[in-house]
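Accompanying notes for the structure given below.
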Amino acid sequence: MTPRENLISLYNRTGYEYAPVYFVLCPSLITEFEKRYGNTVSYRDFFNFPVKLISDPGFSWDEVRPGFVPEREFEWDKYYTEPLHPKARVDIWGIAHEPGSKDCVHMTLMRHPLENLQTLKELEEYPWPDFYQSDFSVFKPEIEGAHANGYAAHVWMECTIWEVAWYLRRMEILMTEMMMEDEKAYFLFDKITELACHRAREFAKLGIDILALGDDIGMQSSTIMDHDLYRAWIKPRLTKVIEAAKSVNPDIIIQYHSCGFAKPFIPDLIEAGIDVLNPVQPEACMDFGEIHREYGNHLSFNGTLGTQTTMPFATPKQVKELTTKNLGIAGKKGGLLCCPTHMLEPEVPWENIEAYMEACREFKV
Numbered sequence: 148m149t150p151r152e153n154l155i156s157l158y159n160r161t162g163y164e165y166a167p168v169y170f171v172l173c174p175s176l177i178t179e180f181e182k183r184y185g186n187t188v189s190y191r192d193f194f195n196f197p198v199k200l201i202s203d204p205g206f207s208w209d210e211v212r213p214g215f216v217p218e219r220e221f222e223w224d225k226y227y228t229e230p231l232h233p234k235a236r237v238d239i240w241g242i243a244h245e246p247g248s249k250d251c252v253h254m255t256l257m258r259h260p261l262e263n264l265q266t267l268k269e270l271e272e273y274p275w276p277d278f279y280q281s282d283f284s285v286f287k288p289e290i291e292g293a294h295a296n297g298y299a300a301h302v303w304m305e306c307t308i309w310e311v312a313w314y315l316r317r318m319e320i321l322m323t324e325m326m327m328e329d330e331k332a333y334f335l336f337d338k339i340t341e342l343a344c345h346r347a348r349e350f351a352k353l354g355i356d357i358l359a360l361g362d363d364i365g366m367q368s369s370t371i372m373d374h375d376l377y378r379a380w381i382k383p384r385l386t387k388v389i390e391a392a393k394s395v396n397p398d399i400i401i402q403y404h405s406c407g408f409a410k411p412f413i414p415d416l417i418e419a420g421i422d423v424l425n426p427v428q429p430e431a432c433m434d435f436g437e438i439h440r441e442y443g444n445h446l447s448f449n450g451t452l453g454t455q456t457t458m459p460f461a462t463p464k465q466v467k468e469l470t471t472k473n474l475g476i477a478g479k480k481g482g483l484l485c486c487p488t489h490m491l492e493p494e495v496p497w498e499n500i501e502a503y504m505e506a507c508r509e510f511k512v
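Using the working numbering, the letters of the sequence shown map in sequence onto residues 148 to 512.
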């Protein structure tokens, strides 16, 4: 099997030939990789990851893709009453990400452009990105290139609804408006969902294999909102985005990301139409064995190796043992791309990364 065929079969739980590897390195670990192996190719290519990542221009953590949406005029004084840091990066939604101190490394402070707006009319008049004017065919060469070389085309469209909404409005303001059933919250969620549905349809038309959606609806030991609020505001809109993609290609694999304790929402996510749950964060009461027993016949998984515990603090032997254990839980039919749950941060020893890859290579399917 090619890496693409192997991964798709694994996610469909129809068997697989070998355990693929995947992880994300922080900037300092990318530097470490380059010291060890040179910088002629990316670490993703060097370690033969099964997917080629294509970043949705609507993903708020990425640099703005020049010309993808029409230019807009921002009244910065209106949206940011306090001046922005001179090195702030402003994303496609107008959300500002300010650098912190040296100790913050690559972390940033987020500023919320809609937090001071008082009326529905002000929200309606905000300079929203016009994805309807975007030419999505610019991604076609990347997708065709991935397929030609045997890799799955994976579009990163996380921060799909809830996170973009609170990044724009500020979490406490938005949650108050949700509880009050304020018209401004309805408009904000519906606008973001409409734009997400359009992007999902356009990417599906291009023949991608995996569409990665997601919003953090879990915290370290609890959910970020109760079931009633989730089912009223988030679930129906997520369902619309998934239906938009699957109406074009019913076979597209929908991966869903939520940090933290998301277990109570798993039945809702299955009903909404997701196929793969990421990251199954063990530090957040997400026990993979337990979750697999309950949902392994309905859902596949991505992650399970903790980046707050195992990857930085375990021994290489312990990393290998846990990787092998989790792959064994999933079994011969597949259903798990076993990998670190989040970006690997500076404190992760390189030996633990190698131990993880070794365990995957040595695993007997």
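Virtual Cβ for every residue (Gly too), placed ideally from N, Cα, C. Small disclaimer: the values here were computed from a predicted structure and weren't measured.
Sheet register partners of residue i (DSSP bridge)
{"i": "residue 246", "result": "255"}
{"i": "residue 487", "result": "452"}
{"i": "residue 465", "result": "DSSP, once it has assigned bridges, lists no residue as partnering residue 465."}
{"i": "residue 303", "result": "202, 359"}
{"i": "residue 172", "result": "491"}
Identity of the residue in the options nearest residue i by Cα
{"i": "residue 356", "options": "393, 168, 333", "result": "393"}
{"i": "residue 281", "options": "194, 503, 215, 388", "result": "215"}
{"i": "residue 284", "options": "351, 333, 404", "result": "351"}
{"i": "residue 482", "options": "466, 400, 419", "result": "400"}
{"i": "residue 460", "options": "433, 498, 476", "result": "498"}
{"i": "residue 160", "options": "317, 478, 204", "result": "478"}
{"i": "residue 288", "options": "201, 260, 372, 238", "result": "201"}
{"i": "residue 368", "options": "417, 432, 353, 349", "result": "432"}
{"i": "residue 250", "options": "493, 458, 359, 261", "result": "493"}
{"i": "residue 360", "options": "207, 154, 480, 277", "result": "207"}
{"i": "residue 423", "options": "230, 447, 365", "result": "447"}
{"i": "residue 254", "options": "262, 236, 187, 169", "result": "236"}
{"i": "residue 487", "options": "476, 470, 475", "result": "470"}
Rounded straight-line distance, which links the Cα of residue j to that of residue i
{"i": "residue 243", "j": "residue 312", "result": "14 angstroms"}
{"i": "residue 210", "j": "residue 472", "result": "38 angstroms"}
{"i": "residue 241", "j": "residue 220", "result": "10 angstroms"}
{"i": "residue 315", "j": "residue 505", "result": "42 angstroms"}
{"i": "residue 256", "j": "residue 439", "result": "36 angstroms"}
{"i": "residue 198", "j": "residue 268", "result": "42 angstroms"}
{"i": "residue 496", "j": "residue 266", "result": "50 angstroms"}
{"i": "residue 337", "j": "residue 375", "result": "18 angstroms"}
{"i": "residue 194", "j": "residue 385", "result": "33 angstroms"}
{"i": "residue 165", "j": "residue 512", "result": "6 angstroms"}
{"i": "residue 468", "j": "residue 434", "result": "16 angstroms"}
{"i": "residue 228", "j": "residue 321", "result": "19 angstroms"}
{"i": "residue 191", "j": "residue 177", "result": "10 angstroms"}
{"i": "residue 436", "j": "residue 234", "result": "45 angstroms"}
{"i": "residue 390", "j": "residue 340", "result": "12 angstroms"}
{"i": "residue 223", "j": "residue 307", "result": "25 angstroms"}
{"i": "residue 295", "j": "residue 406", "result": "33 angstroms"}
{"i": "residue 371", "j": "residue 239", "result": "26 angstroms"}
{"i": "residue 205", "j": "residue 278", "result": "9 angstroms"}
{"i": "residue 508", "j": "residue 502", "result": "10 angstroms"}
{"i": "residue 292", "j": "residue 298", "result": "8 angstroms"}
{"i": "residue 358", "j": "residue 155", "result": "12 angstroms"}
Residue-level contact to chain C via CB, residue i, 9 angstroms cutoff
{"i": "residue 500", "result": "The structure shown contains no chain C; it holds only a single protein chain."}
> Is the number of C-beta pairs between the segment 451-460 and the segment 426-436 that are closer than 8 angstroms three or more?
Replying inline: yes
>> Runs of 3 residues minimum, wholly inside the segment 180-239: which ones carry the beta strand (DSSP E) assignment?
In response: 198-202
> Does the pairing of the segment 407-418 with the segment 339-351 give three or more beta-carbon distances under 8 angstroms?
Replying inline: no
>> Below 8 angstroms, how does it come out for the segment 268-282 and the segment 163-180: are there three or more Cβ pairs, yes or no?
In response: no
> Is it a yes or a no for the segment 295-302 touching the segment 244-251, going by three-plus beta-carbon pairs under 8 angstroms?
Replying inline: no
> Enumerated in chain order, which unbroken segments of the alpha helix (DSSP H) with a length of 4 residues or greater are wholly contained in the segment 260-288?
Replying inline: 267-271
> Where are the alpha helix (DSSP H) runs, 4 residues long or more, that stay fully inside the segment 420-454, in chain order?
Replying inline: 435-442
> Hey, which unbroken runs of the beta strand (DSSP E) at 3 residues or more fall wholly within the segment 356-404?
Replying inline: 357-361, 400-404
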